[in-house]
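Visitor: Please find one structure pasted underneath; my questions will follow.
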Amino acid sequence: MELTLKIMDADGFVLASATGQDETFLVYRQSYREGDCVVVEASEPGHIFLALDSASQPGPVYMKECDYCLAVPFGDKRKPYSPNAFSGDMHRLSVRSARPDEIAQRRNLALNPWDDHANRTLFPHARANVETRGEAVFAARNAIDGEKANDDHGFWPYTSWGINRDPEAALTVEFGRPVRIDEIVFYLRADFPHDSWWEKASVTFSNGRTCSFPLVKSGAAQGFSIEPCIVEWVELHGLIKAEDGSPFPALTQIEIWGTEVPMAGDRNVAVVAVEGEAEHA
Numbered sequence: 233m234e235l236t237l238k239i240m241d242a243d244g245f246v247l248a249s250a251t252g253q254d255e256t257f258l259v260y261r262q263s264y265r266e267g268d269c270v271v272v273e274a275s276e277p278g279h280i281f282l283a284l285d286s287a288s289q290p291g292p293v294y295m296k297e298c299d300y301c302l303a304v305p306f307g308d309k310r311k312p313y314s315p316n317a318f319s320g321d322m323h324r325l326s327v328r329s330a331r332p333d334e335i336a337q338r339r340n341l342a343l344n345p346w347d348d349h350a351n352r353t354l355f356p357h358a359r360a361n362v363e364t365r366g367e368a369v370f371a372a373r374n375a376i377d378g379e380k381a382n383d384d385h386g387f388w389p390y391t392s393w394g395i396n397r398d399p400e401a402a403l404t405v406e407f408g409r410p411v412r413i414d415e416i417v418f419y420l421r422a423d424f425p426h427d428s429w430w431e432k433a434s435v436t437f438s439n440g441r442t443c444s445f446p447l448v449k450s451g452a453a454q455g456f457s458i459e460p461c462i463v464e465w466v467e468l469h470g471l472i473k474a475e476d477g478s479p480f481p482a483l484t485q486i487e488i489w490g491t492e493v494p495m496a497g498d499r500n501v502a503v504v505a506v507e508g509e510a511e512h513a
C-alpha cells in the first residue's frame with residue numbers, strides 16, 4: 233500500500249508532503265494556520281495505523297476510501313485534543329499499513345481519535361442526533377476517541393458525548409465494513425454530583441436486533457458480553473436517566489469489542505444477550 237501524508241493550506245496548496253511504501257513519516261517545521269488541513273492518501277482502502285500529531289500514539293483505523301482530510305482544529309474545536317496537539321512549530325505525523333496479524337486481533341473496534349463531523353472516510357465514525365450546545369467537548373466523536381478520564385467535564389481529557397438533556401438522544405457508531413462484535417463497554421461520565429447517570433441503555437444493531445443493558449452509578453467500565461454477531465453499525469438509544477437531582481447524564485466512552493470479518497459473511501446473525509447481563513428490548 234502506497235501511503236502519503238500532506239499538509240495543505242486553505243487554498244489547497246501543498247505545504248509539505250511525504251510518500252512511502254507501507255509506511256511514511258512527515259515532519260512539518262512550521263506553525264499551523266487556520267484553514268490548514270492534514271491529509272492521508274492511500275493507494276487502496278484498508279487498515280492503517282495513524283498518528284496525525286506527536287501528542288497521540290498511532291492507532292488502528294480503517295480507510296474505506298483512498299483519502300482522508302482533517303481540518304487542523306482551532307478555537308473551540310481544539311478543546312477535545314491535548315493542549316500539546318497541533319501546537320508549536322514542529323509536528324510529526326506518521327502512517328503505516330497494518331499487518332495481517334494486527335488486523336486479526338480482537339480489539340476495541342470503536343476507537344478512532346481522528347474522527348470528526350466531516351469524516352466520511354476513516355472508520356469508525358460516530359454521529360448523534362444531539363450534542364450539548366454544539367460544543368466540541370460534548371461532540372459524538374468524543375465517545376470513541378479513547379479518552380476515559382471521567383471524573384470531571386468540559387475540557388480535555390474530560391471530553392464526553394453530551395445529550396443536552398434530550399431523552400430522545402441517540403448515538404450511532406459506524407464501522408464502514410462488516411465486523412464481528414461480542415462485547416460492549418460503557419464509561420459513563422462520573423463528575424458526581426454535577427452528573428446524573430443512566431439506569432438503562434439500549435443498543436440496536438444493523439441486523440435489526442436490540443438489546444438493553446442495566447447501568448449503575450459508577451465511573452468504572454460497565455461491560456456486557458453479547459452473542460457474537462456481524463454488524464456494520466450500532467445505535468445507542470433509549471437512555472433512561474436515574475431519578476436524581478442532576479439533569480446531566482453523559483457518556484465518556486463506548487467500546488465495542490470484536491474482530492474483523494475476513495469476508496462478508498451472514499450479516500443476519502441473531503444478537504442474543506448473555507443471561508444476567510442484558511436482555512432483548
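Per the working numbering, the very first residue in the sequence shown carries number 233; after that it's consecutive. Glycine included, C-beta positions come from ideal geometry on N, C-alpha and C.
Just to confirm the assignment, what range does the alpha helix (DSSP H) spanning LEU335 have?
Guide: Sequence index remark: in the sequence shown, residue 335 carries index 103 (1-based). It is worth fixing the name first, because residue 335 is Ile in this sequence and not Leu. That run of the alpha helix (DSSP H) goes 332-336.
Visitor: Between the Cα of ASP423 and the Cα atoms of PRO312, ARG441, PRO481, ARG373, which residue gives the shortest distance?
Guide: Along the sequence shown, one-based indexing puts residue 423 at 191. Residue PRO481 is the option with its Cα nearest to ASP423.
Visitor: With DSSP as the reference, label THR364 as helix, strand or coil.
Guide: Residue numbering aside, residue 364 sits at position 132 when the sequence shown is read from its first letter. If DSSP states are grouped into helix, strand and coil, THR364 belongs with the helices.
Visitor: Hey, GLU363 and ALA371 are a contact pair by Cβ (cut 8 angstroms); roughly how many whole angstroms apart?
Guide: As a working note, residue 363 is residue 131 in the sequence shown. As a working note, residue 371 is residue 139 in the sequence shown. GLU363 to ALA371, Cβ: 5 angstroms. Contact.
Visitor: Would you list the one or two residues that DSSP bridges to ALA287?
Guide: Position 55 of the sequence shown, counting from 1, holds the residue named residue 287. Beta-bridge pairing links ALA287 to no other residue.
Visitor: Span of the beta strand (DSSP E) holding THR436?
Guide: In the sequence shown, the residue the question calls residue 436 occupies position 204. Residues 430-437.
Visitor: Taking the Cβ atom as the reference point for each residue, do ILE486 and PHE418 lie within a distance shorter than 8 angstroms?
Guide: In the sequence shown, residue 486 corresponds to position 254, counting from 1. In the sequence shown, residue 418 corresponds to position 186, counting from 1. Result yes, Cβ atoms of ILE486 and PHE418 sit closer than 8 angstroms.
Visitor: Quick one: measure Cβ to Cβ for LEU325 and ALA283, integer angstroms, because I've assumed they're closer than 8 angstroms.
Guide: Within the sequence shown, residue 325 is the residue found at index 93, counting from 1. Within the sequence shown, residue 283 is the residue found at index 51, counting from 1. With 8 angstroms as the limit, LEU325 and ALA283 qualify as a contact, their Cβ atoms being about 7 angstroms apart.
Visitor: Starting from PRO410, follow the beta strand (DSSP E) in both directions and report where the run begins and ends.
Guide: For this step, residue 410 is matched to residue 178 along the sequence shown. Segment 403-420, the beta strand (DSSP E) holding PRO410.
Visitor: Determine the extent of the beta strand (DSSP E) in which ASP299 is found, giving its start and end residues.
Guide: Here residue 299 is taken as the residue at index 67 of the sequence shown, counted from 1. Where ASP299 is concerned, the enclosing beta strand (DSSP E) stretches over 299-303.
Visitor: Suppose contacts are defined by Cβ-Cβ distances below 8 angstroms. Is ARG409 in contact with GLY490 by that definition?
Guide: The residue given as residue 409 occupies position 177 in the sequence shown. The residue given as residue 490 occupies position 258 in the sequence shown. No. Outside cutoff.
Visitor: Please state whether DSSP places LYS473 in a helix, a strand or coil.
Guide: Here residue 473 refers to the residue found at position 241 of the sequence shown. Correct three-state label for LYS473: strand.
Visitor: Just the Cα atoms here: how many angstroms apart are SER428 and ALA248?
Guide: Within the sequence shown, numbered from 1, the residue matching residue 428 stands at position 196. Within the sequence shown, numbered from 1, the residue matching residue 248 stands at position 16. If you take the alpha carbons of SER428 and ALA248, they lie about 47 angstroms apart.
Visitor: Mind checking which residues open and close the beta strand (DSSP E) that includes ILE488?
Guide: The sequence position of residue 488 within the sequence shown is 256, counting from 1. First-last of the beta strand (DSSP E) with ILE488: 482-492.
Visitor: Determine the DSSP secondary structure at PHE245, reduced to helix, strand or coil.
Guide: The sequence position of residue 245 within the sequence shown is 13, counting from 1. PHE245: coil per DSSP, three-state reduction.
Visitor: Cβ of PHE341 within 8 angstroms of Cβ of PHE407?
Guide: As a position in the sequence shown, residue 341 is number 109, starting the count at 1. As a position in the sequence shown, residue 407 is number 175, starting the count at 1. According to the sequence displayed, residue 341 carries Leu and not Phe. Cβ distance < 8 angstroms, so LEU341 and PHE407 count as in contact.
Visitor: Can you give me the C-alpha to C-alpha distance between PRO292 and ARG261, rounded to a whole angstrom?
Guide: For this step, residue 292 is matched to residue 60 along the sequence shown. For this step, residue 261 is matched to residue 29 along the sequence shown. C-alpha separation (whole angstroms): 26 angstroms.
Visitor: Looking at C-alpha atoms only, which residue of LYS449, GLY440, LEU468 is the closest neighbour of SER434?
Guide: Within the sequence shown, numbered from 1, the residue matching residue 434 stands at position 202. When each option's Cα is compared against that of SER434, the closest is LEU468.
Visitor: Please say whether ASP268 and PRO312 have beta carbons closer to each other than 8 angstroms?
Guide: Here residue 312 refers to the residue found at position 80 of the sequence shown. Here residue 268 refers to the residue found at position 36 of the sequence shown. Result no, Cβ atoms of PRO312 and ASP268 do not sit closer than 8 angstroms.
Visitor: Give every residue of the same chain whose Cβ lies closer than 6 angstroms to the Cβ of ALA317, excluding the five residues on either side of it in the sequence, and list them in chain order.
Guide: Position 85 of the sequence shown, counted from the first residue, corresponds to residue 317. Only ASP285, ALA287 meet the Cβ criterion.
Visitor: Quick check on GLY278: does DSSP put it in helix, strand or coil?
Guide: Residue 278 sits at position 46 when you count from the first residue of the sequence shown. In this structure, GLY278 counts as strand in the three-state DSSP scheme.
Visitor: Bridge partners for HIS357 per DSSP, in chain order?
Guide: For this step, residue 357 is matched to residue 125 along the sequence shown. GLU406, per the DSSP bridge assignment.
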